Amino acid sequence: MELSSITTKSSQATIASAKKFLEKVLKEAREDAPLIFYLEGELGSGKTHFVKGLAEALGIKDNITSPTFVLMKKYAVSGSTAARQAGKKLFFHIDCYRIYDSQDARQIGLDKILENPRAIVAVEWAERIADIVPKPYWKLVFKHIDDKTRKIVIKNVQR
Ligand SMILES: Nc1ncnc2c1ncn2[C@@H]1O[C@H](COP(=O)(O)OP(=O)(O)O)[C@@H](O)[C@H]1O
Ligand SMILES: [Mg+2]
4 MELSSITTKS
14 SQATIASAKK
24 FLEKVLKEAR
34 EDAPLIFYLE
44 GELGSGKTHF
54 VKGLAEALGI
64 KDNITSPTFV
74 LMKKYAVSGS
84 TAARQAGKKL
94 FFHIDCYRIY
104 DSQDARQIGL
114 DKILENPRAI
124 VAVEWAERIA
134 DIVPKPYWKL
144 VFKHIDDKTR
154 KIVIKNVQR
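Quick note: the sequence shown uses this note's numbering, first residue 4, plus one each step.
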């Protein structure tokens with residue numbers, strides 16, 4: 004189990020760190036499993052900004068906001084050679100803030116998305132549905148340090 008952390012001093016730095024991190028993990032991504040980012044951390048800790056960075060790196064031009072009310076947004080991966088080489092065609096941004104438990108999540112098909120080997124999936128408030136998030140996944144815990152500073156603790160959860 005690999006453990007590291009990133010400290011950022013602005014929302015732009017969090018976006019940039021996501022791009023860099025995605026580049027790194029795509030190189031070692033499996034073709035037979037989805038690439039999952041399990042995001043945990045209080046409101047305003049930077050989860051959505053990190054997802055903005057992932058989406059930008061994948062060539063997605065849409066403005067990324069928390070899908071708190073729609074729960075899930077789906078995008079086509081367009082501009083990333085690394086993603087294409089890893090067999091990833093879709094990007095899902097899931098927000099479990101309004102999801103009570105994994106029973107709810109199953110009803111809207113989130114379990115199926117989390118099994119799609121062609122998908123990159125970022126899940127905010129993933130701890131709410133922890134029992135249906137398949138391994139391996141990257142667990143990122145966001146911590147509010149001060150006004151401008153966030154710490155992201157990263158763990159590669161394999162089994
Ligand atoms: N280093 C930083 N990284 C990310 N966001 C930051 C940082 N410093 C300040 N912020 C601010 O904190 C808020 C983070 O919001 P958001 O990414 O939506 O968090 P979450 O999805 O965890 O609720 C934004 O208002 C952003 O401008
Ligand atoms: Mg959010």
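We put the beta carbon where it would ideally sit given N, CA and C, even for glycine.
The structure displayed is predicted, hence computed values, not measured ones.
Limits of the beta strand (DSSP E) - the one that residue i falls within
i, result
"A79", "M75 to A79"
Buried versus exposed, by CB contacts within 10 Å (16 or more), residue i
i, result
"D98", "buried"
"S20", "buried"
"S13", "exposed"
"M4", "Bear in mind that a pLDDT of 49 at M4, under 50, signals an unreliable position, so the model cannot answer this."
"L46", "exposed"
"T17", "buried"
"S8", "exposed"
"E127", "buried"
"Y103", "exposed"
"K91", "buried"
"P137", "exposed"
"K30", "exposed"
Span of the alpha helix (DSSP H), counted from its first residue to its last, around residue i
i, result
"A60", "K50 to A60"
"S21", "The sequence shown places Ala at residue 21, not Ser. From DSSP, the alpha helix (DSSP H) with A21 extends over S14 to K30."
"A133", "Looking at the DSSP string, A133 is not in any alpha helix (DSSP H), and its letter there is neither H nor E."
"D114", "L113 to I116"
"S105", "S105 to Q110"
"R87", "T84 to Q88"
Which residues DSSP lists as bridging residue i, in chain order
i, result
"A125", "F40 and H96"
"R153", "T11 and H147"
"Y140", "V160"
CA nearest to the CA of residue i, picked from the options
i, options, result
"P37", "V73, N119, D149 and W141", "N119"
"I123", "A16, Q15, I39 and E26", "I39"
"P83", "K77, Y103 and L57", "The sequence given here places Ser at residue 83; Pro does not occur at that position. Ranking K77, Y103 and L57 by Cα distance to S83 puts L57 first."
"A79", "A60, S69 and V73", "A60"
"I116", "A133, F94 and R131", "F94"
"T11", "T71, H147 and D35", "H147"
"I132", "K158, W141 and L113", "L113"
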